[in-house]
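Numbering (the numbering used here) for the sequence shown: 1 to 277. Everything below concerns the one structure shown next.
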Amino acid sequence: MKNLKCKVFSASGNIISLVDNRTTNKEIAFFIENIKDYCSIKTKKTDGLVIINNSDKYDFSMSFVNSDGTTGMMCGNGGRCAIYYYANMLDTYQKDNLIVFNLDDTDNIYYGSLHEDLVSIYFDIPYKINKKTITINGIEYRGSFFEYPTPHFVIEVENVFNLDFKKTVKKIRNHPAFAPLGTNVDFFHKFSYNNLYLRTFERGVEKETGACGTGAIVTAVSFFLKYGIILKELTIVPTSKSELYIKLSEIDGESKILLTGSVEEIITLAKLPTKKH
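Next up, the structure:
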């Protein structure tokens with residue numbers, strides 16, 4: 001059997017491995033077993049693995065595995081990498097045409113498109129939001145908790161760069177208020193009319209990442225709700241400084257949130273060792 005090959009992408013600083021599984025049809029358990037190999041490509045440590053699978057209904061089906069082997073969640077920037085890969089693979093792809101895929105052969109459908117080096121993906125608007133206050137090291141943190149499509153706790157602070165991030169964030173990630181699975185943690189502050197700085201600690205990666213797509217979405221929604229405004233477009237500046245853009249949009253008359261940012265391929269077709277499964 002030929003080894004699967006892996007590409008590595010940067011989606012606004014979120015470093016994502018990607019495997020096209022449509023000819024090999026490996027089970028998800030195979031990728032979980034080999035996740036350390038797929039998330040350690042040459043000298044690059046990646047935040048997770050996107051798997052492109054066959055679909056009878058859509059352009060493809062996508063699975064995502066975090067670098068710690070957890071799975072079953074949707075990665076916003078991983079979805080943008082999948083769209084970029086699929087669009088560039090098709091000789092017939094017309095820029096801005098919609099690509100449609102689902103997650104893990106479920107009814108969770110996503111739409112996206114490629115325009116030059118910018119890739120957009122449409123997400124449902126998060127409506128399940130809970131205000132929470134937790135105490136860490138004697139300090140209260142008030143924020144918005146989203147179960148969307150992975151959990152996020154979003155906190156506004158005066159300055160994201162003045163945080164004792166390493167000391168605080170893991171205690172928030174594992175706080176009993178978010179038991180049993182814990183949560184992603186997002187700190188943001190506004191620095192101009194429609195610009196926010198964002199730092200995200202991702203559950204499953206267990207570190208601060210260069211960017212987080214779903215984190216950018218829930219942070220934008222938290223900002224809109226707190227201040228009672230919905231801007232035409234909000235710019236999120238993550239740790240990588242590679243901007244993400246959030247705006248309300250729609251598909252077939254249904255309101256959606258549009259996430260847009262850059263994607264670039266940084267390692268091409270690295271052969272990987274694989275275990276039998």
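The beta carbon of each residue, even a glycine, is placed where N, CA and C say it ideally should be. Remember, predicted model here, so these are calculated numbers, not experimental data.
Give the DSSP bridge partners of H152, in chain order. F146 and N184
Do F9 and C81 come within 7 Å of each other at the CB atom, strictly closer than that value? yes
Do the CB positions of T168 and I121 come within less than 7 Å of each other? no
Is DSSP giving M73 helix, strand or coil here? coil
Any idea what DSSP makes of V160, helix, strand or coil? helix
Contact belief for K232 with I125 at Cβ below 8 Å, rounded distance in angstroms: Actually they are not in contact, since the Cβ atoms of K232 and I125 sit about 16 Å apart, beyond 8 Å.
Nearest CA to the CA of A179: which residue from S192, N162, D186 and F153? F153
So, are the CB atoms of T70 and G204 less than 7 Å apart? yes
In the DSSP assignment, what residue or residues form a beta bridge with A270? C6
Identify, in the order they occur along the chain, each residue of the same chain with its Cβ nearer than 7 Å to the Cβ of K2, setting aside the five sequence neighbours on each side. With a pLDDT of only 46 at K2, under the threshold of 50, the placement of this residue in the model should not be trusted; the figure read from the coordinates follows. If we look at K2 and ignore the five residues flanking it on each side, it has no Cβ neighbours.
Answer yes or no: do I16 and G78 have a C-beta to C-beta separation smaller than 7 Å? yes
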